[in-house]
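Okay, structure first, notes after.
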Amino acid sequence: CRSAGFSFLFSWLFMLIVLVLFLVGGNVYTLICQPWKSGELLQIIDSPGLIPGLQIGPALGLKDNLTVSEIYKGCEKNNPLWTTIRLYEVVNLNELLNVTKMSKLSSINLNTTADKLDKVAENLTNTGVRKELQNEAGDLRTIQRGIESTIHPQLVRSFFCPLLLFFSQVQFLQKTVADVLGKVGAAQDFLSTNTSLIVKMESRGFLDCQLSYFTQYADWANLTITQQLGRCGPVVETVDSAAVVFCSQVVNSLNVFWFGLGWCLIFFIPSIIFSIKLAKYYRKMK
């Protein structure tokens, strides 16, 4: 009888534990685990107004809104971030990596730009800014002189040296001095009339050779950014694995515990009643 009384007095603690575990485990399984398996959880998160301030598209500067479901589906396909979060709407990568537009830089005369800076500086009243602009103009003229005195002569030498070597060999191989002088004169006339064209052709060839390296690097960077950088498939796999572990190992174990404890309490109440009813027979036997 005493044991039945103690059981009756403390059984409410077990009932309270079952109630708390039921509220926690049942709601977590119903509101999180099941919608996650069916894919409805992401749609619920994307509901307008559910999470205040959740505007991924405007935050990234996109034209349209970007939902969590779209990001998850893109990562599920192991797409790069360039297409997953639509970065192509924000950054014009083709324009940014367009190296061919740099090929016209050789036609720029820095002295003209320096003259414009000097004219702007003359109209300024602030002596500090005027002096700074004049210094910048001087630097531009120095760069232009370096181009004219270093790069262009190197290009000319790279073309003329093999040509002069050829004529020097011809001089030793020819038997007639008149023939040699005739060829040298013809070469001199050719160089006199076509020097400008030769320099332009050599400059263009040198520039195209250098631009080809930058073009290859730009193509590689474009391919890496748009197709390889930031593939988020492993992130989705990690999230799915964490969801499986949480729902299967934690939530399900918790639900099994409160479910079993609840059934024990269901049979515990009749056992108390029967023990009280049978207590009088135990006293008689004693």
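Plus 1 on top of the position in the sequence shown (first one is 1) and you've got the numbering used here.
Ideal Cβ placement from N, Cα and C applies to all residues, glycine included.
Quiz item: Touching or not, the stretch 219–238 and the stretch 79–92, by the rule of three or more beta carbon pairs under 8 Å?
Solution: Yes, they touch.
Self-check item: Local conformation of leucine 230 per DSSP, three classes
Solution: The sequence position of residue 230 within the sequence shown is 229, counting from 1. In the structure shown, leucine 230 adopts coil according to DSSP, grouped into three states.
Practice problem: Take glutamine 56 as the anchor and find which of Leu42, Glu41, Ile72 has the nearest alpha-carbon. | Solution: For the purposes of this step, residue 56 is taken as residue 55 along the sequence shown, with counting starting at 1. The residue with the shortest Cα to Cα distance from glutamine 56 is Ile72.
Quiz item: Does the beta-carbon distance from phenylalanine 7 to tryptophan 259 come in below 8 Å?
Solution: Taking the first residue of the sequence shown as 1, we reach residue 7 at position 6. Taking the first residue of the sequence shown as 1, we reach residue 259 at position 258. Contact: no.
Quiz item: Straight-line CA distance for isoleucine 18 to cysteine 76?
Solution: Position 17 of the sequence shown, counted from the start, is the residue given in the question as residue 18. Position 75 of the sequence shown, counted from the start, is the residue given in the question as residue 76. Those two C-alpha atoms are separated by around 41 Å.
Practice problem: May I ask you to verify whether the stretch 111–122 touches the stretch 90–98, counting CB pairs closer than 8 Å and requiring at least 3? | Solution: With contact defined as three or more Cβ pairs closer than 8 Å, the stretch 111–122 and the stretch 90–98 are not in contact.
Quiz prompt | arginine 87: first and last residue of the uninterrupted alpha helix (DSSP H) it sits in | solution = The sequence position of residue 87 within the sequence shown is 86, counting from 1. Per DSSP, arginine 87 lies in no alpha helix (DSSP H) and is assigned neither H nor E.
Quiz item: Quick one, are the C-beta atoms of leucine 141 and alanine 122 less than 8 Å apart?
Solution: Numbered from 1 along the sequence shown, position 140 holds the residue referred to as residue 141. Numbered from 1 along the sequence shown, position 121 holds the residue referred to as residue 122. Not closer than 8 Å, so no.
Practice problem: Closer than 6 Å by C-beta to asparagine 79: which residues in its own chain qualify, once you throw out the five before and the five after it? Chain order, please. | Solution: In the sequence shown, the residue the question calls residue 79 occupies position 78. Arg232, Gly234.
Quiz item: What three-state label does DSSP hand glutamine 56 in the structure shown?
Solution: Counting from one through the sequence shown, the residue named residue 56 turns up at place 55. Coil at glutamine 56, not helix or strand.
Quiz prompt | Beta-carbon proximity of leucine 279 to phenylalanine 15, cut-off 8 Å | solution = In the sequence shown, residue 279 corresponds to position 278, counting from 1. In the sequence shown, residue 15 corresponds to position 14, counting from 1. Taking 8 Å as the Cβ cut-off, leucine 279 and phenylalanine 15 do not qualify as a contacting pair.
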